[in-house]
Amino acid sequence: MNALLASVLLSLVSAVAYAAAAILQERIAATTAPSRYALLRRGRWWATVVLNGLGALLHVAALGLGPLTVVQPLGVLTIVLAAPMAALMVKRPVTSEAWRGILLVSVGLAAILLCTGAHRSRSLGEAEQFAVAAAAGALIVVLLGLAVAARGARRAGARSAALAMAAGVAFGTASVCVKAVAEGSALESAATALPVAGLIAAFAVTGLATSQASYRGGGLAAPLATSTVVNPVVAAAVGILLLDEGFRFGTAGALAALAGALVAGRGLVVLTGTGGGAITATAADAVAAPAEPVTSAQPVTPADPVATDAPVPADVPAAPARSTGPVVIPRPTPVAARPAVPRATPYGGRAPVTAREPRLAVPETLPALVADLVPNTVPDRLPLPAPH
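Numbering (the numbering used here), first residue to last: 15 to 402.
Here you go:
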């Protein structure tokens, strides 16, 4: 089998694994109770870890056979496959707009594949690998800083986008390092192999944590689209600028590949903008899972007895005629608090709406974001540091 074709097939299966993991991750984020370690007790969360690991292994194999300019753009198949797979996994219909987006992405990817050459590219040198890693690390730090600055309910979309971009940069850089390992350039000595392996692990963990955090408050579509687009852009830029990867037919081929990328990008916009029909949640999903346990609010404390000389209302029994003193309304019986009303969640289940103690507004800082990322986030906000 042709090496380029094999890399395409491996990338396709990898995209299937990543799409399944993304659907499960978003569903877990919408239904897990607000506890820092709740995810570790969920079997489905560990299933997402396995699926992400499988997708990564297949991706490594694809990178060993094909160029970055082919393997990384095929990562957008994760979004293309997420729509029909969500229809199978959570019974969500796929609209005609979603199918139109899928068609546009498929045509764009086909154009990129037809214009991509099968020639071997050079490998990154040791100094180049660490330079790329340092640049990517600095960019991730900047994006995490933007996520910290954008914390708050009114800026949840900006925070989610910053985290998703950080995830895309991390995954794209990890792929660049993985390609160096797959081609053997990073395995020439233990002194080189161990640091590169550490970089791969660090970027992979960072990508997994920031991608999971991006789903909180951002749904599935927008974070998944952002990270899936940024990932190949980062890797393809490294491939073209540093690895001498190119396209067939010279300038015409490069322009055709660029046009294909624009068509695929338009398809992604259509996919992520198709409200409830593509890969975003619908109201029907709210009844797909059993309700979460409900915590009662605090009991209502009745007021003290009220003395009044005003006439007694008609529906209140009047005092005897001989009484001239004030009428005392008896203390009402304490009323048990009504149970909290569950609210619908995007992917099924009904999360409880519980009473919360009022607290002072405090600046939301980096520790609060770190609490979101460890361990791999939970779907509700964690307590903030107490004000000094």
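Think of the CB as a built atom: it goes at the ideal place given N, C-alpha and C, for glycine as much as any other residue.
Verify whether the separation of the beta carbon atoms of residue i and residue j is less than 9 angstroms.
i	j	result
GLY274	GLY122	yes
GLY171	VAL283	no
LEU26	LEU91	yes
LEU128	ALA266	no
GLY89	LYS193	no
ALA100	VAL94	no
THR187	ALA211	no
ALA125	VAL277	yes
VAL74	ALA207	no
LEU213	ALA145	no
THR130	LEU272	no
Nearest CA to the CA of residue i: which residue from the options?
i	options	result
ARG280	LEU118, VAL85, MET103	LEU118
SER225	LEU238, PHE263, ILE42	LEU238
ILE37	ASP258, LEU19, ASN66, LEU153	ASN66
GLU111	ALA97, THR220, VAL104	ALA97
LEU255	GLU142, ALA31, GLY233, VAL195	GLU142
THR62	ARG41, ALA75, LEU72, THR45	ARG41
ARG173	LYS105, GLY253, TYR229, VAL64	TYR229
ALA180	VAL64, SER241, GLY260, PRO209	SER241
ASN16	ALA76, GLU140, VAL252	ALA76
GLN39	ALA20, LEU19, VAL104	VAL104
PHE185	PRO209, VAL219, ARG165	VAL219
Tell me, to the nearest whole angstrom, how far the beta carbon of residue i is from that of residue j; I am working on the premise that it is less than 8 angstroms.
i	j	result
THR83	ALA268	Not quite, the Cβ-Cβ distance comes to about 10 angstroms (not below 8 angstroms), so this is no contact.
ALA236	ALA175	7 angstroms
Measure the alpha-carbon distance for residue i versus residue j and round it to whole angstroms.
i	j	result
VAL376	ALA163	Below a pLDDT of 50, predicted positions are generally treated as unreliable, and VAL376, at 39, falls in that range; the measurement from the model is reported next regardless. About 13 angstroms.
LEU177	ALA152	14 angstroms
GLY429	GLN86	Examination of residue 429 is not possible in this model, given that the chain is present from 15 through 402 alone.
ALA215	LEU257	22 angstroms
GLY231	LEU71	30 angstroms
ALA161	GLY221	14 angstroms
LEU102	ALA34	11 angstroms
LEU285	SER120	12 angstroms
PHE263	SER137	23 angstroms
GLY253	PHE261	11 angstroms
TRP113	SER28	21 angstroms
LEU158	ARG106	33 angstroms
GLU140	GLU259	18 angstroms
LEU54	ALA44	15 angstroms
ILE154	SER21	28 angstroms
PRO209	GLY233	35 angstroms
ARG165	ALA227	12 angstroms
Could you tell me if residue i is buried or exposed, where buried requires 16 or more neighbouring beta carbons within 10 angstroms of its beta carbon?
i	result
ASN245	buried
VAL190	buried
PHE217	buried
GLY69	buried
PRO59	The residue you asked about is not Pro; residue 59 is Trp in the sequence shown. With 16 or more other Cβ atoms within 10 Å, it is buried.
ALA31	buried
ARG168	exposed
GLY57	exposed
VAL64	exposed
VAL243	buried
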